[in-house]
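K.L.:
Read in order, the letters of the sequence shown correspond to residues -17 to -1, 1 to 1242 in mature numbering (1 follows the signal peptide of the UniProt record, and there is no 0). The C-beta atom is built at its ideal place from N, Cα and C for all residues, glycine as well. Below is the structure I would like to discuss, written out as structure tokens.
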Amino acid sequence: MRLAVCIVFTLVLGASAIIRVPDNVEVQSPPRISKQPPTDEQLFQVAQTKVNENDKPFLIECEAEGEPVPTYRWIKNGKNFEWPAYDDRISQQPGRGTLVISRPRDEDLGQYQCFAENEWGIATSNSVFVRKAELNSFKDENPITLNANEGSPFKLTCQPPDGWPKPNVYWLIQDIAGGIKSINNSRMTLDPEGNLWFSNVTRNDASDDFYYACAATSVFRNEYKVGNKVLLNVISTGASAGQNKYPPERQYVSRKNEVALRGKKVELYCIFGGTPLPQIVWSKNGALLRPSDRIIQGNYGKSLVIKHVNFEDGGEYTCESSNGVGTAQSYSINLQVMAVPYFTVEPEFVNAAEDETAEIKCEASGVPVPEIKWIYNGKPISEAPPNNRRKVTANSIVIERLVKKDTGNYGCNATNSLGYVYKDVYVNVLALYPDITQPPMNLSTVDGKTIRITCRVFGAPKPEVKWVRNGQELTGGRYKILDIGDLEIENVIFLDAGTYTCYASNKFGEVNASASLVVKEHTKITDEPEDYEVAAGSTATFRCNAVTDPSLPLTIDWLSNGEPIDFEMEPRFVRSTDYSLMITKTTELDSGIYTCVARTDLDEARAQATLIVQDVPNAPRLIGIKCMSKAAFVQWIPMGDNRSPILRYTIQYNTTFAPDTWEIAKDYVPATDQTYEVSMSPWANYTFRVLAWNKIGPSLPSPHSDVCTTEQDVPYKNPDNIMGKGTTPQNLVISWTTMPQIEHNAPHFKYRVYYKRDIPGETWATADIYDWRKNNYLVDNQPTYQRYKIKVIASNAKGESKAAANEIIGYSGEDVPLQAPGNFTLNQIKSSTTAQLSWSPVPEESVRGELQGYKIQTWTEKEGEKGMREMDIRGGNKTHALITKFVPYSKNFVRILAYNGRYTGPASETLSFDTPEGVPGTVLSLEAFPMGSSALFLVWTRPAEPNGILTGYRIYYQVVNGTKLGTLLERKPHVMEPQATSAKLAALAPDTIYRVHIRATTRVGEGNDYFIEQKTRTSQRPDIPQFTWETIPVENGYSHVRVIWLPNLNGNPGSHFFVRYKMKGETIFLKTDPEFQSNTIEVRGLQSGETYVMSVVAVDGDYMSESAFQEVVTSSEGPIIQPKENVATAGWFIGMMLAIAILLLVLIIVCVIKRNRGGKYAVHERELAAGRGDYPDEGGFHEYSQPLDTKSAGGRASLASSSHVDGKHPESDTDSMAEYGDGDTGRFTEDGSFIGQYGPKGRPEETPPIPTGTMATYV
């Protein structure tokens, strides 16, 4: 079909030749078709009223884009198509040109084309032929009967009905009941005209109870129809199936000259009949044709299907048919490939500015060669207004010095006899102010990297782009401005950080946009993994550490041979907290390259190392053994080193004396040697084996060699390690190292022992030892500690050893020394643990052995001799010693003894002396309990070795930062109370690890250090504090109150506290200074006899918690709690208080009188009578160690009364602390202890528990 005015347009938005219009920018443009009908035809279906068929609507699509929005019009059969005239049967979609035909009719057939138009141009859709799809019925005919000879070819002819598109025709089998099934048989083939060919007929093809039926199908209508029913009668030849043979017979073939279209499918037919079934072989241009994905055989080889035909498929195709009967037949088909026109250079859309040049190129190919024609706004270019700036050639249009009116649609139409190809594009002439469509964004990068800062601009003419930083234009060097406007900076440095401004300008104006660049430190691997060679089964560890900019989160990952390691699936691969990679139980498969990847959001760094897993060598193979009289030559070959070179060989042997034991004949045979001479002992049977060594270890041994046997000879040596030494004062024991059987060299082996006293004229005594396993000989009835000469000689059936015997000196046994050292004297006491001692040596004859030295024994009066300590003074010539193990501040006893090699002599006289005071030992324990975020409560146990009189404790502390320790600081004030076992360490940093040291002190100085580490908490809100108080006698007319904070160490008490108070009735609260070190605050300067409201505020960092308020009346007698009920003014209450006061006064007077008379208040008996029997065995104030869980309304109950919480004993208001003695029981000791809390004071309803051992004092 040749296109004249009707233009086919397919939208392809390509890159503009001059100006690229961004997708997010709307500018003027001619219409461009985005949806359109197909190029050839479109089918519709008309409802058949006789079968009550529903209408089937269809669309003819047409959509376009443009600015302004285009309008649409249609033509049908070359004339304007006014679709509204068709009532409501045809409509157009809103905002689109698509036609909707809801009730198709026969009159809708025709050629349709859509035009989209705005003020800048006209775009035209494809011209489509819309036609009705139909399928007629077969002619009504009765079934016919046809006869076929068995074994011969046969044809069933079909007369298919008319229809559009041309129906698909095929044959099927229909039984009498109407059921159908398809035909799939290698002997039956359907040709393109619908005829069914039997290559040969068999008896089974006879249709006794079914029909052969021809059917036609319309794919579009989804409909099929059946007709031409045939009954087939097969006439038997009477011969067997093997005798019915027919040579190949041509039944249906394609035309001699066949045409295929490029890009389409073609099927070539060669249907031959015959018996047996002929086989078809295809060839092209004389060469055998092999099937591929694109060229396949169909119909059991009777057709050749070529998909997506190209020009190379043209040529002569030959099919050869043969079945072994007669001669083979062949047929040739000449295939010519033709092509509908197609673009080789496709025209593109052009956006350009005024005064620029626009060019549209169009080149096409096809067979036959197509003719190219140009279209302008839907009309031939020849009908366009004249333009002397426009040059039109067969393959291009060039418009110079563009002006606005050059805007329009241009189309290229390539046509030949088979069809056409067309594309409609436009030239859009723009005049636009510059615009930055993608402004630069704030960017972070690292030094050394190449980055790109985005700046995409648009305008007509195309804007020029420049970049400025700090007022200076960036050009050249590391700065490069890309064609799209972006700025590329190579090898970024820290000085590149700053604000960058992009300027875009053309003749209409200038715009700019800015962004900042932040340059951070690049990631660098500081500890790279190193190449590793490990033994199989061992552990390989790769280390990797990196540094990066502090503001960037860093992650370190590991790759194995370029792939991430799945640590969950590979339990042998472990990533530790320091980013190291550990591979346990390595195998050969673990060998490879391991890469450490240090990654941030901005960059990454990589380092890699190679792992080689090595194993021990394979066992060598012995290839020969040559036995001689005294040596053997061993020869072997290695069998592989398993990736670790062989370093040496070991030759081992065994003999019949120890068949299960392999001894080393030669350990370090060089790796280059494979033959070695090994010496052999006489009278033995030898076998040898070889082991190979590499750095991993030894191989398995080789198989053993043949046996080598040697002759007898005398022993080559005598026993070694000969010694003579007595075990009792009257004997001499001669010992040696036994000689193994391999050294006997002949049968009847024995040892001959020679000995004599080392005095002139003494002769040798001998003894023969026939048991070679024996290693000593005992000589009895010898004088004590005498000198002897000794030697031992080896002998066998061949004689004594020819080696010279080694003669040694020995001694008979030692006895107990007879005399103690004399003149044992204490010369000087050097220190609390050291003293200088001296003595006179003992006579040599009294030692009765070799004098080894002296032993000094010491103990204290407290320890007794059971606690004795002993010091060894080596050397018999010593006469004085400095002893450093005396106990300080004690009476020490000391004595001295002489000793020889076996016995210790009698002791000297015992000296005694007193050592001066020394520094104490360490405390036995130290614990630290966090108090809030900035304090620790310390509890310790006194030292077991005070070494004097304790004077207090020194506490030091320092910050622990990883493995580093901060400056050692001292807590002040010092703990001056020797009995103290607790203190508070304040003013610490929160969430910090501290090392706390404590040293006990005496007058001499500080003792040994004891330390622990504890971490302070983070700040959090303290628990509600509790407190009690006591009054202090009036001074200068003012009263004072001591407030005692009771922190609960098992909770979160806070780090320190202060007191808020006011006189009852006033509105303004006063507060004390915070108390950090102690748990008490004295509120001073209060008016006597007044009621005050007080509370304790616990502090932890920025958090504070306040206790409940309590009322206190100040007086010289102590605090009085005002009851919450208003009964203070009741007469009965005042009278009762006066009576109680008088009784208390009388009781105090009685106690004072008894005390002055020397009387003793029976505290223990009174407590036992009250039911308290839980005193510990040790002495002291046991009541002070009980849990502080008493409850008292007035704060005056004693421990005995308040501890009866089981209800069996009523509380007593008369059993107060005053009954235990006179004096002010409500006072604290100077170190801030809690003893005072048992005096007259107020208490909360419940006092929190204090850990055992922490009650002695708070400092």
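1. Does the stretch 623 to 642 come within contact of the stretch 671 to 684, defined as at least 3 CB pairs closer than 8 Å?
2. How big is the Cα-Cα spacing for K463 and I472?
3. Among G904, N759, P554 and E176, which has the Cα closest to the Cα of K733?
4. For V697, which beta-bridge partners are listed by DSSP?
5. By a C-beta neighbour count over all protein chains shown, 10 Å radius and 16 as the cutoff for buried, is E36 buried or exposed?
6. For residue 1326, list the residues DSSP reports as bridge partners.
7. Between the C-alpha atoms of E513 and G858, what's the straight-line distance to the nearest angstrom?
8. Within 10 angstroms of the Cβ of N860, are there 16 or more other Cβ atoms? Answer buried if so, exposed if not.
9. Whole angstroms are fine: how far does the CA of F98 sit from the CA of D71?
10. Leaving out five residues before and five after R756 in sequence, what residues of the same chain have Cβ atoms less than 7 Å from its Cβ?
11. Assign P1016 to one of three DSSP states: helix, strand, or coil.
12. So the beta strand (DSSP E) S286 belongs to, where does it begin and stop?
13. In whole angstroms, what is the alpha-carbon distance linking E928 and E1089?
14. In whole angstroms, what separates the C-alpha of N668 from that of P642?
15. Based on the DSSP secondary-structure assignment, which residues constitute the bridge partners of Q819?
16. Measure the Cβ-Cβ separation of L26 and A116 and say whether it is below 8 Å.
17. Can you grab the Cα-Cα spacing for the pair Q1060 / M959, in whole Å?
18. Quick one, which of R277, T655, V870 and S219 has its alpha-carbon nearest S815's?
19. Rounded to whole angstroms, what is the Cα-Cα separation between G307 and D174?
20. Mind checking whether the beta-carbon of Y659 lies closer than 7 Å to any heavy atom of the ligand GDP?
21. My output table needs one value for K1174: the three-state DSSP class, helix, strand or coil.
22. The beta strand (DSSP E) spanning V404 covers which residue range?
23. For the stretch 239 to 254 against the stretch 286 to 296, do three or more pairs of beta-carbon atoms, one drawn from each stretch, fall closer than 8 Å, so that the two count as touching?
24. When the Cα atoms are used, what is the spatial distance from Q1003 to Q941?
25. Once DSSP output is grouped into helix, strand and coil, what is the label at K1137?
26. Using C-beta distances below 7 Å, list every residue in its chain close to D510, excluding the 5 sequence neighbours before and after it, in chain order.
27. Contact between the stretch 392 to 399 and the stretch 345 to 359: three or more CB pairs below 8 Å?
28. Applying the 10 Å Cβ sphere with the 16-neighbour rule, what's the burial state of V1095?
29. Contact check, residue 1246 vs K1054 under 8 Å by CB: the rounded distance?
30. Alpha carbon to alpha carbon, what distance is there between V236 and M321?
31. Quick one: is W747 buried, meaning 16 or more other Cβ sit within 10 Å of its Cβ, or exposed?
32. Going by DSSP in three states, T1118 sits in which element: helix, strand or coil?
33. Out of V1024, V323, P913 and T1063, which one is the CA nearest neighbour of I976?
34. Threshold first: 3 residues or longer. Then list the beta strand (DSSP E) segments lying entirely within the stretch 679 to 764, N to C.
35. Does the Cβ of T898 have 16 or more other Cβ atoms within 10 Å, making it buried, or fewer, making it exposed?
36. Report all residues from its chain with a CB closer than 6 Å to the CB of L880; omit the five preceding and five following residues, and keep chain order.
P.N.:
According to the structure shown:
1. The stretch 623 to 642 vs the stretch 671 to 684: in contact.
2. Against the sequence shown, residue 463 aligns to sequence position 480. Against the sequence shown, residue 472 aligns to sequence position 489. If you take the alpha carbons of K463 and I472, they lie about 7 Å apart.
3. Counted from its first residue, the sequence shown places residue 733 at position 750. Selected option, being the one with the closest Cα: N759.
4. Within the sequence shown, the letter at position 714 stands for residue 697. Residue pairing by DSSP leaves V697 without any beta bridge partner.
5. Here residue 36 is taken as the residue at index 53 of the sequence shown, counted from 1. Exposed: under 16 other Cβ atoms inside 10 Å.
6. The shown model of the chain, from -17 to 1242, leaves out residue 1326, and the question about it has no answer.
7. Locating residue 513 in the sequence shown gives position 530, where the first residue counts as 1. Locating residue 858 in the sequence shown gives position 875, where the first residue counts as 1. So the alpha carbons of these two residues sit roughly 56 Å apart.
8. Against the sequence shown, residue 860 aligns to sequence position 877. Exposed: under 16 other Cβ atoms inside 10 Å.
9. Here residue 71 refers to the residue found at position 88 of the sequence shown. Here residue 98 refers to the residue found at position 115 of the sequence shown. About 22 Å.
10. To locate residue 756, count along the sequence shown from 1; it is residue 773. Same-chain partners within the cutoff: T721.
11. Counting from 1 along the sequence shown, the entry for residue 1016 is found at position 1033. Reduced to three states, the DSSP call for P1016 is strand.
12. Reading the sequence shown from its first residue, position 303 is the one you call residue 286. Taken as a continuous stretch (DSSP letters only), the beta strand (DSSP E) holding S286 covers S286 to I289.
13. In the sequence shown, counting from the first residue as 1, residue 928 sits at position 945. In the sequence shown, counting from the first residue as 1, residue 1089 sits at position 1106. Their Cα atoms are separated by approximately 44 Å.
14. Locating residue 668 in the sequence shown gives position 685, where the first residue counts as 1. Locating residue 642 in the sequence shown gives position 659, where the first residue counts as 1. So the alpha carbons of these two residues sit roughly 10 Å apart.
15. Within the sequence shown, numbered from 1, the residue matching residue 819 stands at position 836. For Q819, the pairing in a beta bridge is given by DSSP as Q811 and L865.
16. What you label residue 26 is simply residue 43 of the sequence shown in a count that begins at 1. What you label residue 116 is simply residue 133 of the sequence shown in a count that begins at 1. Yes, the Cβ-Cβ distance between L26 and A116 is below 8 Å.
17. Locating residue 1060 in the sequence shown gives position 1077, counting from the first residue. Locating residue 959 in the sequence shown gives position 976, counting from the first residue. Between the C-alpha atoms of Q1060 and M959 there is a straight-line separation of about 14 Å.
18. Translated into the one-based positions of the sequence shown, residue 815 becomes position 832. With distances taken between Cα atoms, S815 lies closest to V870.
19. As a working note, residue 307 is residue 324 in the sequence shown. As a working note, residue 174 is residue 191 in the sequence shown. Taking the straight line from one Cα to the other gives about 25 Å.
20. Ligands displayed in this structure: none; no statement on the ligand GDP is therefore possible.
21. Residue numbering aside, residue 1174 sits at position 1191 when the sequence shown is read from its first letter. Reliability of the predicted coordinates at K1174 is poor, the pLDDT of 35 falling under 50, and no value is obtained from them.
22. Looking up residue 404 in the sequence shown gives position 421. Unbroken beta strand (DSSP E) run through V404: G402 to L413.
23. Yes: at least three Cβ pairs fall under 8 Å.
24. Indexing the sequence shown from 1 puts residue 1003 at position 1020. Indexing the sequence shown from 1 puts residue 941 at position 958. Taking the straight line from one Cα to the other gives about 23 Å.
25. Counted from its first residue, the sequence shown places residue 1137 at position 1154. Helix.
26. As a first step, residue 510 is located in the sequence shown; it is residue number 527 there, counting from the start. Counting only Cβ-Cβ distances below 7 Å, and skipping sequence neighbours, we find R526, C527 and N528.
27. yes
28. Walking along the sequence shown from the start, residue 1095 turns up at place 1112. Buried is the call here.
29. For the chain, the structure presents residues -17 to 1242; residue 1246 sits outside this window and is missing.
30. Taking the sequence shown and counting its residues from 1, the one referred to as residue 321 is at position 338. Taking the sequence shown and counting its residues from 1, the one referred to as residue 236 is at position 253. One C-alpha to the other measures close to 21 Å.
31. Locating residue 747 in the sequence shown gives position 764, counting from the first residue. Burial call: exposed.
32. Taking the first residue of the sequence shown as position 1, residue 1118 is located at position 1135. Here residue 1118 turns out to be Gly, not Thr, going by the sequence shown. The answer is helix: DSSP assigns G1118 an H, G or I state.
33. As a first step, residue 976 is located in the sequence shown; it is residue number 993 there, counting from the start. Of the listed residues, the one whose Cα sits closest to I976 is P913.
34. 703 to 708, 715 to 720, 733 to 740, 748 to 752 and 759 to 762
35. In the sequence shown, the residue the question calls residue 898 occupies position 915. Buried.
36. Start at 1 with the first residue of the sequence shown, and residue 880 comes out as number 897. Only K838, T887, G888 and A890 meet the Cβ criterion.
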